[in-house]
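In my numbering, the protein residues as written are 5 to 281. Read through the structure below, which is laid out as structure tokens, and then see the notes.
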């Protein structure tokens, strides 16, 4: 979480953000993802840091989108490297290519928005001005400005390299943890197996679903391990154990962060979700 928060601070690129606040925000956001559906923890994470730094929620959400793109691109790159050395089922290869295609389209759209800031804002104003938004109409321009501000990290090539290096560090730690869990269950932790379970599980977690990705996480873990002829019972044990370790730590760490920051969990989550509305 420390590495994730450091990378996020680099993405935000603002002197008003303190590292300790970003660290707490990440824990609280992951707690939100663990107990709420559809990855609403990202909104809660943005709301917490917005309160601490006075940066708009929209701008912070934009940086989280970019953060996720860094993660997905890294995981997809790892996936295609593995596929060069390991025969994978055709449906997995197809899924990887489909995700890569969608990510590429999203990246192209974001680049076009970034390169044509004024045109993007004009289009937003033109589209939303025709909708019956009432009092919310006044927020259209500030929100579009905040969205554009979320991309300012790309003005600094050195900062981009730093973020890439932090992404590598984050996933190196994740790989070590995943390998330890596999090893504890007596599963041979050779590199392709450990990398593949890490890649498939985390790409699956990107998709908004039930709290803690219950069901999706376990299914993907079992299916991935079945490729390597791992016993279904052992695969299920891995899915349950890794899920408990990952999401259990999110819940405990998030609760500690709320307590340290003197936030009541019920009222805080309610305020965060109402603020986004």
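Think of the CB as a built atom: it goes at the ideal place given N, C-alpha and C, for glycine as much as any other residue.
Beta-carbon proximity list for residue i, same chain, < 8 Å, skipping 5 on both sides
i           : result
residue 231 : 92, 93, 96 and 200
residue 206 : 75, 79 and 178
Element boundaries [alpha helix (DSSP H), containing residue i]
i           : result
residue 182 : 161-188
residue 5   : Residue 5 -> no alpha helix (DSSP H), and no H or E assigned at all.
residue 206 : 195-210
residue 230 : 220-231
Exposure of residue i, with buried meaning 16 or more beta-carbon neighbours within 10 Å
i           : result
residue 248 : exposed
residue 75  : buried
residue 172 : exposed
residue 214 : exposed
residue 11  : buried
residue 177 : exposed
residue 195 : exposed
residue 37  : buried
residue 235 : exposed
residue 4   : The requested residue 4 does not occur in the structure, where the chain is confined to residues 5 to 281.
residue 20  : exposed
residue 85  : exposed
Cβ-based neighbour list, residue i, same chain, cut-off 6 Å, excluding 5 preceding and 5 following
i           : result
residue 154 : 63, 66 and 67
residue 9   : 26, 27 and 30
residue 100 : 83
Nonlocal neighbours in the same chain, by C-beta distance under 7 Å from residue i, ignoring five residues either side
i           : result
residue 224 : 204, 205 and 208
residue 262 : 32, 269 and 272
Please give me, in chain order, every unbroken run of the alpha helix (DSSP H) with length at least 4 that falls completely inside the region 35-93. Complete alpha helix (DSSP H) runs here, min 4: 45-57 and 61-89.
Pick out the complete alpha helix (DSSP H) segments inside the region 235-268, 4 residues or longer, and give them in chain order. Runs of the alpha helix (DSSP H) lying entirely within the region 235-268 and spanning at least 4 residues, in chain order: 236-264.
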